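Reading through the structure tokens given below for one structure.
There are 2 protein chains.
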Amino acid sequence: MAADLASQLSLDHGGKILLAIMDGVGDIPIPEFGGLTPLEKAKTPNMDMLTAGGALGQHLPVARGITPGSGPGHLAVFGYDPVKFLVGRGALAALGIGFDLKHGDLAARINFCTLGEDKVILDRRAGRISTELCIELVKSLKGISIPGVKVFVEPVKEHRACVIFRAEGLSDSIHDTDPGLVGEMPLDVVPTADGAEFSIGVVEDFISQASEILRLKAPANGLLLRGFALHEDMPTLTERFKLNPAAVALYPMYRGVSSLAGMEQYNSEPADLSGEVKAAKKALKDGKDFVFLHHKYTDSSGEDGDYERKVSEIEKFDSAIPGLLECGFDVICITGDHSTPCPMKLHSWHPVPVLIYGGPQRVGWSARFTEREASTGALGTFQGYELMALLLAGAGRLAKFGA
Amino acid sequence: MAADLASQLSLDHGGKILLAIMDGVGDIPIPEFGGLTPLEKAKTPNMDMLTAGGALGQHLPVARGITPGSGPGHLAVFGYDPVKFLVGRGALAALGIGFDLKHGDLAARINFCTLGEDKVILDRRAGRISTELCIELVKSLKGISIPGVKVFVEPVKEHRACVIFRAEGLSDSIHDTDPGLVGEMPLDVVPTADGAEFSIGVVEDFISQASEILRLKAPANGLLLRGFALHEDMPTLTERFKLNPAAVALYPMYRGVSSLAGMEQYNSEPADLSGEVKAAKKALKDGKDFVFLHHKYTDSSGEDGDYERKVSEIEKFDSAIPGLLECGFDVICITGDHSTPCPMKLHSWHPVPVLIYGGPQRVGWSARFTEREASTGALGTFQGYELMALLLAGAGRLAKFGA
Chain L
71 MAADLASQLS LDHGGKILLA IMDGVGDIPI PEFGGLTPLE KAKTPNMDML
121 TAGGALGQHL PVARGITPGS GPGHLAVFGY DPVKFLVGRG ALAALGIGFD
171 LKHGDLAARI NFCTLGEDKV ILDRRAGRIS TELCIELVKS LKGISIPGVK
221 VFVEPVKEHR ACVIFRAEGL SDSIHDTDPG LVGEMPLDVV PTADGAEFSI
271 GVVEDFISQA SEILRLKAPA NGLLLRGFAL HEDMPTLTER FKLNPAAVAL
321 YPMYRGVSSL AGMEQYNSEP ADLSGEVKAA KKALKDGKDF VFLHHKYTDS
371 SGEDGDYERK VSEIEKFDSA IPGLLECGFD VICITGDHST PCPMKLHSWH
421 PVPVLIYGGP QRVGWSARFT EREASTGALG TFQGYELMAL LLAGAGRLAK
471 FGA
Chain Y
71 MAADLASQLS LDHGGKILLA IMDGVGDIPI PEFGGLTPLE KAKTPNMDML
121 TAGGALGQHL PVARGITPGS GPGHLAVFGY DPVKFLVGRG ALAALGIGFD
171 LKHGDLAARI NFCTLGEDKV ILDRRAGRIS TELCIELVKS LKGISIPGVK
221 VFVEPVKEHR ACVIFRAEGL SDSIHDTDPG LVGEMPLDVV PTADGAEFSI
271 GVVEDFISQA SEILRLKAPA NGLLLRGFAL HEDMPTLTER FKLNPAAVAL
321 YPMYRGVSSL AGMEQYNSEP ADLSGEVKAA KKALKDGKDF VFLHHKYTDS
371 SGEDGDYERK VSEIEKFDSA IPGLLECGFD VICITGDHST PCPMKLHSWH
421 PVPVLIYGGP QRVGWSARFT EREASTGALG TFQGYELMAL LLAGAGRLAK
471 FGA
């Protein structure tokens with residue numbers, strides 16, 4: 071609701087906003103740290119400074135107890151209720167490689183796999199073939215033709231590719247063909263709801279032609295389809311909040327989800343935090359007034375359960391802050407898209423700490439950007455999709471509601 | 071919303087959950103305790119231990135400022151939004167005595183009462199007649215017959231019984247006939263909404279026949295009907311959350327409401343906390359993965375305003391915890407269905423403290439299970455029906471939302 075009101079009340083002028091995401095930054099106490107979290111353990115002089123002059127809170131990306139994927143977690147902090155704006159993994163994969171998805175396209179992820187005799191799956195990832203081989207295999211599939219349907223096959227990375235079907239009347243109510251287990255056969259193409267008959271036929275045709283082409287190409291002699299997703303345009307940040315937004319992200323998934331929200335993609339040179347800071351600066355020079363900057367490695371270290379590395383990734387991000395401060399943003403927000411506690415090695419449902427620096431805030435209530443201080447911070451606990459209203463408000467980009 | 075998402079994402083495997091309800095446990099500061107609440111005053115070494123190794127929060131059973139009855143309070147912590155899933159007291163009473171309510175049945179509570187001349191109520195509880203007499207009176211009413219309607223009359227306890235009408239097209243839009251005061255006559259049977267004409271006729275017929283039968287049976291020479299409730303099946307915890315749930319409760323009301331949620335009822339031998347712990351252990355042995363355990367006397371002492379007894383009931387529950395820990399639950403939650411502050415001698419709207427022990431939690435933030443510490447605990451303040459999502463998440467029984 072805050073997001074919808076913010077949309078109605080948004081102004082086309084005001085301060086410039088940085089939304090910096092430390093992916094998966096939230097954590098739980100680490101026994102090896104004497105019960106401190108990585109944020110508590112890390113030395114973060116710059117975030118401490120921003121905290122002292124800003125305000126803390128925490129956001130729930132989806133709902134209490136609900137663990138978000140990367141798509142919903144990011145859509146939430148971009149101001150979209152992720153329950154209303156669902157994006158399937160197939161669509162994210164396609165967007166992530168820069169494929170220009172159109173409204174109504176049906177996308178799915180392809181995993182090349184190894185099939186034994188009797189079509190039983192021996193390796194769901196075909197021994198993680200090289201990206202070069204993936205590109206070659208994809209080329210061999212480009213000849214597939216289905217009457218009345220445009221078919222695009224695109225390589226992603228290693229054993230991963232994606233397929234996009236373009237036609238009128240497609241549906242994504244289709245079950246994965248990946249049984250998730252070796253020793254079983256790929257599943258038949260079955261619908262998960264009524265009205266998918268046309269799409270089922272298209273996908274069956276594709277699989278049948280592709281299987282014939284791949285038949286003798288062991289180890290990648292089969293394919294599994296996952297994450298069928300019909301792409302539906304969503305309103306961009308420009309349409310919703312009158313922003314001219316930019317994204318600075320190194321990984322396809324985050325470039326994909328920010329493209330969905332209408333952000334212009336900026337490349338980082340070098341492809342690290344220092345390059346990302348430069349890209350953010352360039353975006354402001356180009357007249358952008360909203361920059362999403364993504365730091366991936368707090369999440370990957372969390373997923374590896376490597377709490378020492380997570381601390382060092384937090385410290386690395388902290389050391390990039392002086393450069394970000396120099397860019398000239400009026401409001402800087404540092405948060406995550408979800409928590410990835412090291413002891414779990416997984417995304418989790420735990421609330422995500424939020425720091426807002428700049429604009430009129432109830433400053434001086436908190437000293438350090440940690441889960442614990444954030445839980446009692448001036449901003450309180452709120453839904454992830456409400457964050458955008460707080461940022462727009464802080465930047466003076468929202469009109470008053472009512473007279 | 072958290073509950074609906076949890077329903078969509080629930081897995082059929084994971085940890086075993088104990089939901090232990092100290093009925094009405096929440097309170098407000100007691101002047102005689104120097105401003106401490108019963109939870110603060112009580113010696114609770116076991117709950118202190120669980121708190122240090124778990125996380126606190128507080129739940130709102132219905133909404134801010136709204137005082138729940140026992141039905142809504144329990145439905146909430148079972149993961150049902152009590153505003154959507156309404157259960158009348160009549161239906162609860164019938165379920166509580168093990169009556170097999172069918173979809174569409176109309177149930178109401180009966181209070182036998184003492185009427186004077188001119189039908190004025192002299193005692194709304196007929197001097198709290200014995201249960202034996204109640205059974206006898208109910209027998210005398212079993213002959214009542216209404217064309218086209220099946221009528222069941224069942225004894226409950228002391229002056230309390232219930233009646234169930236079974237027919238097509240019944241409605242529960244019927245006002246209580248109990249004026250709530252002595253010195254007045256029982257109220258006429260009046261509708262509270264349109265469409266209850268048929269039911270009004272049925273109830274009038276029943277009251278007229280029953281009044282004739284009871285006329286000479288003083289002190290129980292009259293009856294009052296309350297809590298008309300049409301029974302509608304609700305999805306069980308198995309349907310909603312893929313749980314195999316059990317209930318351990320001594321009182322009919324709580325057996326009733328947990329039956330509604332599809333919990334299998336376990337009997338406690340002896341009929342006290344020690345027997346309840348044994349029953350919980352047996353439920354786990356039987357393969358149950360969710361056990362609701364109900365401790366009534368924190369509520370009854372609160373309703374009596376007896377803060378010393380409430381303290382001792384809290385301590386009694388605390389001393390049962392080692393036995394519960396031995397059962398082998400993966401996640402243990404201790405909370406209440408509502409607050410029953412001793413100074414009010416009534417249910418109240420105050421948030422209810424929640425303790426979750428087990429699963430990945432932000433541990434070490436709190437020291438004692440009290441209203442005050444719970445209000446700033448790591449779990450925050452949430453709707454009662456969101457609790458189930460937190461328990462399922464803690465037990466590893468929820469899939470991730472989105473990719």
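First to last, the protein sequences are chains L and Y. The numbering of the first sequence is the numbering used here, which starts it at 71 and goes up by one. The numbering of the second sequence is the numbering used here, which starts it at 71 and goes up by one. Positions of the beta carbon are idealized from the N, C-alpha and C atoms, including for glycine. Computed from a prediction, not measured in an experiment: that's the story for all the values here.
CB residue i to CB residue j, shorter than 8 Å?
{"i": "Ser-409 of chain Y", "j": "Asp-151 of chain Y", "result": "no"}
{"i": "His-301 of chain L", "j": "Ala-390 of chain L", "result": "no"}
{"i": "Cys-183 of chain Y", "j": "Leu-251 of chain Y", "result": "no"}
{"i": "Pro-131 of chain Y", "j": "Gly-149 of chain Y", "result": "no"}
{"i": "Val-433 of chain Y", "j": "Ala-90 of chain Y", "result": "no"}
{"i": "Met-333 of chain Y", "j": "Leu-162 of chain Y", "result": "no"}
{"i": "Gly-186 of chain Y", "j": "Gly-429 of chain Y", "result": "no"}
{"i": "Thr-535 of chain L", "j": "Thr-446 of chain Y", "result": "No information on residue 535 of chain L is available, as it lies outside the stretch 71 to 473 that chain L covers here."}
{"i": "Phe-362 of chain L", "j": "Val-422 of chain L", "result": "no"}
{"i": "Phe-439 of chain Y", "j": "Met-117 of chain Y", "result": "yes"}
{"i": "Tyr-559 of chain L", "j": "Lys-366 of chain L", "result": "Outside the shown range of chain L, which is 71 to 473, sits residue 559 of chain L, and nothing can be said about it."}
{"i": "Ala-437 of chain Y", "j": "Gln-128 of chain Y", "result": "no"}
{"i": "Leu-58 of chain Y", "j": "Glu-441 of chain Y", "result": "Here chain Y has residues from 71 to 473 only, and residue 58 of chain Y is not among them."}
{"i": "Ile-283 of chain L", "j": "Leu-211 of chain L", "result": "yes"}
{"i": "Val-327 of chain L", "j": "Gly-174 of chain L", "result": "no"}
{"i": "Ala-73 of chain Y", "j": "Ile-136 of chain L", "result": "no"}
Considering residue i, what are the terminal residues of the alpha helix (DSSP H) in which it resides?
{"i": "Cys-204 of chain L", "result": "201-211"}
{"i": "Met-117 of chain L", "result": "115-122"}
{"i": "Leu-109 of chain L", "result": "108-111"}
{"i": "Thr-451 of chain L", "result": "Counting along the chain, Thr-451 of chain L falls outside any alpha helix (DSSP H), though it belongs to the beta strand (DSSP E) covering 450-453."}
{"i": "Leu-457 of chain Y", "result": "457-464"}
{"i": "Lys-470 of chain L", "result": "Taken as a continuous stretch (DSSP letters only), Lys-470 of chain L belongs to no alpha helix (DSSP H), as it is neither H nor E."}
{"i": "Ile-277 of chain Y", "result": "267-284"}
{"i": "Ile-391 of chain L", "result": "377-396"}
{"i": "Val-259 of chain L", "result": "Run containing Val-259 of chain L: none; DSSP gives neither H nor E here."}
{"i": "Gly-141 of chain L", "result": "140-147"}
{"i": "Tyr-324 of chain L", "result": "322-330"}
The beta strand (DSSP E) that contains residue i, what's its start and end?
{"i": "Leu-193 of chain Y", "result": "One detail in the question is off: residue 193 of chain Y reads as Asp in this sequence, not Leu. Taken as a continuous stretch (DSSP letters only), the beta strand (DSSP E) holding Asp-193 of chain Y covers 191-193."}
{"i": "Gly-127 of chain L", "result": "125-130"}
{"i": "Lys-227 of chain Y", "result": "220-227"}
{"i": "Val-422 of chain L", "result": "422-427"}
{"i": "Leu-88 of chain L", "result": "87-92"}
Starting from the C-beta of residue i, find all residues in its chain whose C-beta is less than 8 Å away, skip the five residues before and the five after it, and write them out in chain order.
{"i": "Glu-254 of chain L", "result": "Val-190 and Ile-191"}
{"i": "Leu-203 of chain L", "result": "Ala-290"}
{"i": "Leu-394 of chain L", "result": "Leu-88, Ala-90, Val-347, Ala-350, Leu-363 and Ile-402"}
Suppose the cutoff is 6 Å on Cβ atoms and the five residues either side in sequence are ignored; what does the same chain contact list for residue i look like?
{"i": "Pro-138 of chain L", "result": "Pro-131, Val-132 and His-408"}
{"i": "Thr-262 of chain L", "result": "Ser-243 and His-245"}
{"i": "Asp-400 of chain Y", "result": "Gly-85, Lys-86, Gly-428 and Ala-465"}
{"i": "Ser-371 of chain Y", "result": "Arg-379, Lys-380 and Glu-383"}
{"i": "His-475 of chain Y", "result": "No answer is possible for residue 475 of chain Y: the residues shown for chain Y start at 71 and end at 473."}
Excluding the five sequence neighbours on either side, which residues of its own chain have a C-beta within less than 7 Å of the C-beta of residue i, listed in chain order?
{"i": "Gly-160 of chain L", "result": "Ala-177, Ala-178, Arg-179, Cys-232, Gly-297, Phe-298 and Ala-299"}
{"i": "Leu-81 of chain L", "result": "Lys-312, Arg-467, Leu-468 and Ala-469"}
{"i": "Asp-93 of chain L", "result": "His-364, His-365, Lys-366, Thr-368, Asp-369, Gly-406 and Asp-407"}
{"i": "Ile-216 of chain L", "result": "Val-272, Asp-275 and Phe-276"}
Note down, in chain order, all residues in the stretch 444-456 of chain Y with a beta-carbon under 9 Å from any beta-carbon belonging to chain L. Thr-446, Gly-447, Ala-448, Leu-449, Gly-450, Thr-451, Phe-452, Gln-453 and Glu-456
Any 3 or more C-beta pairs closer than 8 Å across the stretch 196-205 of chain L and the stretch 283-293 of chain L: yes
Which residues, in order along the stretch 419-444 of chain Y, keep a beta-carbon less than 8 Å from a beta-carbon of chain L? Pro-430, Gln-431, Arg-432, Val-433, Gly-434 and Trp-435
Using 8 Å as the cut-off, can you tell me whether the stretch 272-279 of chain Y makes contact with the stretch 214-221 of chain Y, which would need three or more C-beta pairs spanning the two stretches below that distance? yes
If you measure beta-carbon to beta-carbon, which residues of the stretch 460-473 of chain Y are closer than 7 Å to chain L? Leu-460, Leu-462, Ala-463, Leu-468, Lys-470, Phe-471, Gly-472 and Ala-473
Any contact between the stretch 336-347 of chain Y and the stretch 460-467 of chain L? By contact I mean 3 or more CB pairs, one from each, below 8 Å. no
At a Cβ cut of 8 Å, what residues of the stretch 73-92 of chain Y count as close to chain L, listed as they run along the chain? Leu-75, Ala-76 and Leu-79
Short of 9 Å Cβ to Cβ, which residues in the stretch 128-146 of chain L face chain Y? Gln-128, Leu-130, Pro-131, Val-132, Ala-133, Arg-134, Gly-135, Ile-136, Thr-137, Pro-138, Gly-139, Ser-140, Gly-141, Pro-142, Gly-143 and Leu-145
Against chain Y: residues of the stretch 159-177 of chain L by CB proximity under 8 Å: Arg-159 and Leu-162
Output, in sequence order along the chain, the residues in the stretch 99-116 of chain L whose CB is closer than 9 Å to any CB in chain Y. Pro-99, Gly-105 and Thr-107
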